[in-house]
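Novice:
Residue numbers (the working numbering): -13 to 264.
#1: Rounded to the nearest angstrom, what separates residue 244 and residue 136 at their Cα positions?
#2: Quick one: what's got a C-beta closer than 6 Å to residue 239's C-beta in the same chain, skipping five residues either side?
#3: How far does the alpha helix (DSSP H) with residue 265 in it extend, from its first residue to its last?
#4: CB-CB under 6 Å to residue 62, same chain, minus the five flanking residues each way: which ones, in chain order?
#5: Residue 249 to residue 183, Cα distance in whole Å?
#6: Please report the residue range of the beta strand (DSSP E) in which residue 9 lies.
#7: My output table needs one value for residue 165: the three-state DSSP class, helix, strand or coil.
#8: Have a look at residue 147 and residue 241 and give me their C-alpha separation to the nearest angstrom.
#9: DSSP three-state call for residue 54: helix, strand or coil?
#10: What residue from 93, 119, 81, 88 has the CA that sits closest to residue 103's CA?
#11: Helix, strand or coil for residue 22, going by three-state DSSP, please let me know.
Here's what the structure looks like:
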């Protein structure tokens, strides 16, 4: 059974049209973030697509102690209020500590659990107890069937508004691979399945003091994922990826997003019009 999860009026389900969760890797500045979301909103409107803006106020798992983590919680929240109230775009916000769930619950439509923390019971329960939609990134170190235990932890709070995100599996050192079987396995639980197309092409720690990435694989992997009949695509974008303060090597250039969306929507429409059988 395909469950439907409502995010600010946007319905995510594996058998409904493809939805998007996107934004910059981290909030770098008010100007950069607001401009990015405005342009994404315009693109989505032109392509008749719905999206949720993703936002990170702190990148707590950067490779190096010298890496940029964010502009701070308070300033980030003020920026997100503009996105929510003036741009009227739903928000996904990731957290790294249990107490942050309550702090962001007033503004976030989706609370995201990072892949590295996906088995941490306390943070899963804290997110679930807010009553908000919880998006769990499947860790690079667990199997797709292990998400069953993650689901049970969140459901123990009475919250059944869950999204499951595939973001690649560890493949040796400093590399990831996407097992396309994961989508079908995770869909078995009924919850909407999302593909994180940009983090899946990371080269963790591949540049020594920061993470590298293979941007040229984003579209091919996205096509393969959408053919599985999934609920959505998560991706990060930047006006100028080469100057991004985090995850530039695996971010989509903002000027390329329109064609990316157009291509995936065409595949999604074809797959779902045929009942998932090509």
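From the three backbone atoms N, C-alpha and C, an ideal C-beta is built for every residue, glycine too.
The model shown is predicted, which means the values in this text are computed figures rather than measured ones.
Specialist: From the atom records:
#1: Counting from one through the chain shown, the residue named residue 244 turns up at place 258. Counting from one through the chain shown, the residue named residue 136 turns up at place 150. When rounded, the distance between both Cα atoms is 34 Å.
#2: For the purposes of this step, residue 239 is identified with residue 253 of the chain shown, where counting begins at 1. If we look at residue 239 and ignore the five residues flanking it on each side, its Cβ neighbours are 227.
#3: With the chain running from -13 to 264 in the structure shown, residue 265 is simply not present.
#4: The count along the chain shown starts at 1 and reaches residue 62 at position 76. Excluding residues up to 5 positions away in sequence, 13, 43 lie with their Cβ nearer than 6 Å to the Cβ of residue 62 in the same chain.
#5: Residue numbering aside, residue 249 sits at position 263 when the chain shown is read from its first letter. Residue numbering aside, residue 183 sits at position 197 when the chain shown is read from its first letter. If you take the alpha carbons of residue 249 and residue 183, they lie about 14 Å apart.
#6: Taking the chain shown and counting its residues from 1, one reaches residue 9 at position 23. Segment 5 to 9, the beta strand (DSSP E) holding residue 9.
#7: Residue numbering aside, residue 165 sits at position 179 when the chain shown is read from its first letter. Note: residue 165 maps to coil in three-state DSSP.
#8: Counting from 1 along the chain shown, the entry for residue 147 is found at position 161. Counting from 1 along the chain shown, the entry for residue 241 is found at position 255. So the two alpha carbons sit approximately 33 Å from each other.
#9: Taking the chain shown and counting its residues from 1, one reaches residue 54 at position 68. Looking at residue 54 - three-state DSSP - the assignment turns out to be coil, as it is neither helix nor strand.
#10: As a first step, residue 103 must be located in the chain shown, where it is residue number 117. Comparing Cα positions, the closest option is 81.
#11: Locating residue 22 in the chain shown gives position 36, where the first residue counts as 1. Residue state, collapsed to three classes: helix.
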